[in-house]
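The structure under discussion appears below in the form of structure tokens.
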Amino acid sequence: MIFGLPIDGMPVLGFTDSSTNGLENEFMTQFGIVPTAADHKGSGVKLAWLRTLKRHMQLDIALGRQMYVKIHLLLLFGTNLFCDKSGMTIHWKILPLLRNFSDIRGFSWGSACLAHLYMALCRTSRYDCKKVDGPLALLCIWAWERLLFLASVRSHRSFSLACR
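Residues in the sequence shown are numbered consecutively from 1, following UniProt numbering.
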């Protein structure tokens with residue numbers, strides 16, 4: 001387990017709606033606020049807007065803490081697990097999966113992350129592709145662990161790793 005994400009559980013799937021109306025309705029339902037036209041690009045919500053929203057959350061009530069965690073998860077998904085080529089937005093299709101707060105940890109996020117990586121690698125293998133996206137940290141760590149010729153040569157040291 002590289003990222004420690006669960007691979008057992010409910011599948012991460014649902015209806016992909018790319019409409020602005022759907023995006024606005026979902027944000028109004030879950031957060032009571034709608035991103036402006038400047039705060040989203042197509043069906044992707046800008047991560048900068050989510051960071052600003054996260055900073056202004058009221059953490060003194062349970063609902064505010066839940067919204068804070070949901071926004072933090074969206075930022076985590078948008079920067080590490082389900083990132084796009086721009087690195088600036090997250091598609092709002094994940095937001096409906098965060099509706100029921102108690103169900104979030106029951107999803108198979110590890111399988112979804114791996115599927116997203118495979119899809120990104122398939123797109124990248126096309127001759128006209130100029131950028132790559134997806135959880136590339138997962139790919140790098142996997143390669144470091146499995147392809148020993150990529151890893152640095154470890155010599156036997158007489159002192160502990162912490163003293164290096």
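We put the beta carbon where it would ideally sit given N, CA and C, even for glycine.
Please list, in chain order, all residues of the same chain as residue i whose beta carbon is under 8 Å from its beta carbon, the five residues on each side excluded.
i: F101; result: Q66, V69 and K70
i: residue 167; result: What the structure shows of the chain is the stretch from 1 to 164, and residue 167 is not part of that stretch, so it cannot be assessed.
i: L150; result: A143 and W144
I'd like the span of the beta strand (DSSP E) that includes residue i, first residue to last.
i: T89; result: T89 to H91
To which residues of the same chain is residue i closer than 7 Å at the C-beta, ignoring the five residues directly before and after it?
i: H72; result: K54
i: R123; result: C129
i: G22; result: none
Is residue i near residue j, with beta carbons less than 7 Å apart?
i: R85; j: K131; result: Looking at the sequence shown, residue 85 is not Arg but Lys. Yes, they are a contact pair.
i: V34; j: E24; result: yes
i: L138; j: L117; result: yes
i: D133; j: A120; result: yes
i: F107; j: G9; result: yes
i: L81; j: C113; result: yes
i: I141; j: I7; result: no
Here's the rule I'm using: 16 or more other beta-carbon atoms within 10 Å means buried, otherwise exposed. How should residue i be labelled?
i: L47; result: buried
i: F77; result: buried
i: L59; result: exposed
i: C83; result: buried
i: residue 165; result: Limits of the chain in this structure are 1 at one end and 164 at the other, which puts residue 165 out of reach.
i: L161; result: Low confidence applies here, because L161 scores a pLDDT of 49, under 50, leaving its location unreliable and the question unanswered by this model.
i: M57; result: buried
Candidates the options: which alpha carbon is nearest residue i's?
i: W49; options: T36, L59 and G42; result: T36
i: T89; options: I141, G44 and E145; result: G44
i: F31; options: L74, K41, V12 and L5; result: L74
i: K41; options: T79, S18 and Y127; result: S18
i: G4; options: I61, A62, W109 and H91; result: W109
i: T79; options: M57, R51 and D39; result: R51
i: G87; options: N21, A151 and L136; result: L136
i: D39; options: T20, L63 and H56; result: T20
What first and last residue would you give for the alpha helix (DSSP H) that runs through residue i?
i: V69; result: A62 to L76
i: K54; result: L47 to R55
i: F31; result: T20 to F31
i: G110; result: W109 to T124
i: R146; result: L136 to R146
Near residue i, which residues of its chain fall below 6 Å by C-beta distance, leaving aside the five closest residues on each side in sequence?
i: L95; result: E26
i: S111; result: I7
i: T16; result: K93
Output yes if chain D places a C-beta closer than 7 Å to the C-beta of residue i; else output no.
i: T29; result: Protein chain content of the structure displayed is limited to a single chain, and chain D is not contained in it.
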